[in-house]
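K.L.:
If you count the sequence shown from 1, position 160 lands on 160 in full-length UniProt numbering, and the numbers rise without skipping.
Quick reminder that beta carbons are idealized off the backbone N, C-alpha and C, glycines included.
I have a structure here, written as structure tokens, and I will follow up with some questions on it.
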Amino acid sequence: MDREDLTLAVRALQIGNKVRELREKQHYTLQDLSAKTGLSKALLSQIENNRVIPPIATLLRLAKALNVGLSYFFQDEVKGETVYITRLNERIRVDRRAHHREGEVDYVYEALETKKHDKHMEPFYVEFPPLETSDMVFTSHEGEEFVYVMEGTLEFRTADRVERLEAGDCIYFDSSQGHSFRSLEDRPAKAIVVVWTKRL
Numbered sequence: 001m002d003r004e005d006l007t008l009a010v011r012a013l014q015i016g017n018k019v020r021e022l023r024e025k026q027h028y029t030l031q032d033l034s035a036k037t038g039l040s041k042a043l044l045s046q047i048e049n050n051r052v053i054p055p056i057a058t059l060l061r062l063a064k065a066l067n068v069g070l071s072y073f074f075q076d077e078v079k080g081e082t083v084y085i086t087r088l089n090e091r092i093r094v095d096r097r098a099h100h101r102e103g104e105v106d107y108v109y110e111a112l113e114t115k116k117h118d119k120h121m122e123p124f125y126v127e128f129p130p131l132e133t134s135d136m137v138f139t140s141h142e143g144e145e146f147v148y149v150m151e152g153t154l155e156f157r158t159a160d161r162v163e164r165l166e167a168g169d170c171i172y173f174d175s176s177q178g179h180s181f182r183s184l185e186d187r188p189a190k191a192i193v194v195v196w197t198k199r200l
């Protein structure tokens with residue numbers, strides 16, 4: 001998928017429209033949502049206007065503040081089901097834009113389950129690029145996170161810890177602490193990431 005097709009695919013998700021609709025339905029101003037999420041009004045406005053593709057940590061904050069599951073932003077729920085299957089061709093890859101802003105998390109991710117809104121876990125396929133230490137962006141969100149490295153060498157960092165993870169290694173951690181990842185090779189490290197966040 002080329003960059004233009006990717007942009008169209010992401011816009012087709014209407015993530016920004018869904019954020020705005022939820023915000024207005026709950027009678028929140030941008031300032032209210034900013035206070036609930038810790039995100040700036042300017043960033044929220046850019047998200048609502050589909051100018052910014054939010055990374056997972058940002059979407060998790062929005063989902064929690066708006067009391068929906070993360071999958072709400074990707075697809076309409078199939079109601080009445082107890083088993084949900086996501087085929088390979090149904091996965092939507094969310095890539096970064098060509099011109100990103102300083103301080104944005106730099107990775108590619110795919111939501112592996114997009115049909116059930118009220119699930120307790122959010123599984124993703126993530127590609128972490130190689131970065132200089134100075135370019136690593138630390139994020140945090142309430143909950144816990146599990147990472148299984150499929151390919152490459154991945155570095156995990158918090159304020160006081162650095163771990164090197166090889167293919168086949170796993171890490172489970174409290175995601176409320178600031179954390180960051182980078183590939184230690186000249187190609188992206190690939191991983192399955194499962195995020196759990198407490199619902200309101």
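1) Taking all protein chains shown into account, do 16 or more other C-beta atoms lie within 10 angstroms of the C-beta of I85, making it buried, or fewer, making it exposed?
2) Check for me: the alpha helix (DSSP H) holding R61 runs from which residue to which?
3) Could you give the C-beta distance for S71 and K41, rounded to a whole number, given that I count them as a contact under 8 angstroms?
4) Going by the beta-carbon positions, is the gap between R20 and E48 smaller than 8 angstroms?
5) In its own chain, which residues sit with a C-beta less than 7 angstroms from the C-beta of L30, not counting the 5 before and 5 after it?
6) Which residues share a DSSP beta bridge with R93?
7) Measuring only the C-alpha atoms, how far is V147 from G178?
8) Run through the DSSP bridge pairs and tell me what F74 is partnered with.
9) For E81, which three-state DSSP category applies?
P.N.:
On the basis of the data shown:
1) Position 85 of the sequence shown, counted from the start, is the residue given in the question as residue 85. Exposed is the call here.
2) Looking up residue 61 in the sequence shown gives position 61. Residue range 56-65 is occupied by the alpha helix (DSSP H) that includes R61.
3) Working through the sequence shown from its first residue, we reach residue 71 at position 71. Working through the sequence shown from its first residue, we reach residue 41 at position 41. Here S71 is actually not in contact with K41; their C-beta atoms are around 26 angstroms apart, not less than 8 angstroms.
4) One-based indexing of the sequence shown puts residue 20 at position 20. One-based indexing of the sequence shown puts residue 48 at position 48. Against a cut-off of 8 angstroms, the Cβ pair of E48 and R20 comes out as a contact.
5) If you number the sequence shown from 1, residue 30 lands on position 30. Contacts found: K41, L44, S45.
6) Position 93 of the sequence shown, counting from 1, holds the residue named residue 93. For R93, which the question treats as bridged, DSSP gives the partners E110.
7) Taking the first residue of the sequence shown as 1, we reach residue 147 at position 147. Taking the first residue of the sequence shown as 1, we reach residue 178 at position 178. Rounded to whole angstroms, the separation of the alpha carbons of G178 and V147 is 15 angstroms.
8) Position 74 of the sequence shown, counting from 1, holds the residue named residue 74. DSSP output for F74 lists no bridge partner at all.
9) As a first step, residue 81 must be located in the sequence shown, where it is residue number 81. Correct three-state label for E81: coil.
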